[in-house]
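Undergrad: In case it helps, mature numbering (1 follows the signal peptide of the UniProt record, and there is no 0) puts the sequence shown at residues -20 to -1, 1 to 260.
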Amino acid sequence: MTARKHLLVLLTLLTAACTAEQGGTPFAAPRISSPPSADLGPSTKVSAVVDGRTVELADGTRARISLLAEPSSCAAPAALEFATKTLLDKEVRVSSITPGEVSLVLQDGADYALLAVKNGVLRTTGVDGGPLIEAETKAAQAKLGLWAQDCATSTAPRPPASTSTTTTPPPPPPPPCVVVYRVTNEWPGAFQAQVTVRNVSGALVNGWTLRWRFTDGQTVAQMWNGTVSQAGGDVTVTNAGYNALIVVDGSVEIGFNGSVTGPNSVPGSFTLNGRTCTAG
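1. On a CA-only basis, which of S52, A58, E81, C54 is nearest E36? Give me that one, please.
2. Expressed to the nearest angstrom, what Euclidean distance is found between the alpha-carbon atoms of Q210 and P155?
3. With a Cβ-Cβ cutoff of 8 Å, do L47 and L112 count as a contact?
4. What residue does the beta strand (DSSP E) around F194 start on, and which one ends it?
5. What are the partner residues of P166, as DSSP defines its beta bridges?
6. Residues in its own chain within less than 6 Å of S181 by CB, not counting five upstream and five downstream?
7. As an exercise, report each continuous beta strand (DSSP E) stretch of at least 3 residues that is fully enclosed by the region 33 to 93, in chain order.
8. Please report the residue range of the alpha helix (DSSP H) in which L112 lies.
9. Count the other C-beta atoms from every protein chain shown that fall within 10 angstroms of the C-beta of D167, then say buried if there are 16 or more, exposed otherwise.
10. Roughly how many whole angstroms lie between the Cα atoms of N223 and V232?
11. Going by CA-CA distance only, name the one from T176, D229, G197 that's closest to R206.
12. Between D31, T64, G248, which has its C-alpha nearest V158's C-alpha?
13. Go to G206, then tell me how far its beta strand (DSSP E) extends in each direction, as first and last residue.
14. Under three-state DSSP, which class holds G238?
15. Run through DSSP, which three-state label would L184 get?
16. Tell me the DSSP bridge mates of D214?
17. For A56, which residues of its own chain have a beta-carbon under 8 Å away from its beta-carbon, when the five flanking residues on both sides are left out?
18. Pull the bridge partners of C157 from the DSSP assignment, please.
This is how it looks when you write it as structure tokens:
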């Protein structure tokens, strides 16, 4: 019995000594941290700006900034000026998207592509949604940068010079628009109609005026998605504040309630900003 008590006392003293040596707290297990993000490379400097979406870095690398579309010829000078002011001799951080393309982040954390789109300097390409599409939509609605310009996306080639003594006049340009006029409802003395205008000009339409002529004495009583005025049979509709922009191959739709006392013929022709449209 005495020997057992001595053994218990010895074990108790050894345990206390170990605990005191460790400060009374068991050692914590080592923590494994996640590897640092490798999205952005080290800081570098933009040594030259080639155009609105192409730069040369300090090491001589020339790269195109990803997700930005090539500007039209009339918007290119403004894009170059913006890129030069924003990037030239500035410190940036670079991440590679695809070979030959990069993403540039400025020292204040701003992404250059997003900044250019927000200011209406460039459009996006290869993007289905997200901040870039949202920024492009807001820039268009606010008529910033290129959205404020009447800038065609392409220029028709000149016809070759004729070698004969008689010259053939060039064919007229294709109609810039297609208009579909449809009576959607009729009742005695009144009717409802819908007019759809599609932009097929190949250029952005920023602000529009649509005209047509009624031949049966119809009058417009109430219109939506546009502002109407009428003098006799001549009807003039201008855009509302929210639908002034018609993108290439895009369309706007207006509708109205009208009054009529006899036949209700569809107007024979329409013009958009003074140019004759095709009836759809």
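Cβ atoms here follow ideal geometry from the backbone N, Cα and C, with glycine treated the same way. Predicted model only: the values in this text are computed from it and were never measured.
TA: Here's the rundown:
1. E81
2. 24 Å
3. yes
4. That residue, F194, is in no beta strand (DSSP E); it is neither H nor E in DSSP.
5. Just to set this straight, residue 166 is Glu in the shown sequence, not Pro. In DSSP, E166 forms a bridge with F171.
6. P156
7. 34 to 37, 42 to 45, 71 to 78, 81 to 86
8. 111 to 121
9. Correcting the residue identity first, residue 167 is Trp in this sequence and not Asp. Per the 10 Å Cβ criterion, exposed.
10. 7 Å
11. In the sequence on display, residue 206 carries Gly and not Arg. Closest option to G206, Cα to Cα, is T176.
12. G248
13. 206 to 211
14. strand
15. coil
16. R193, A211
17. D31, G32
18. N179
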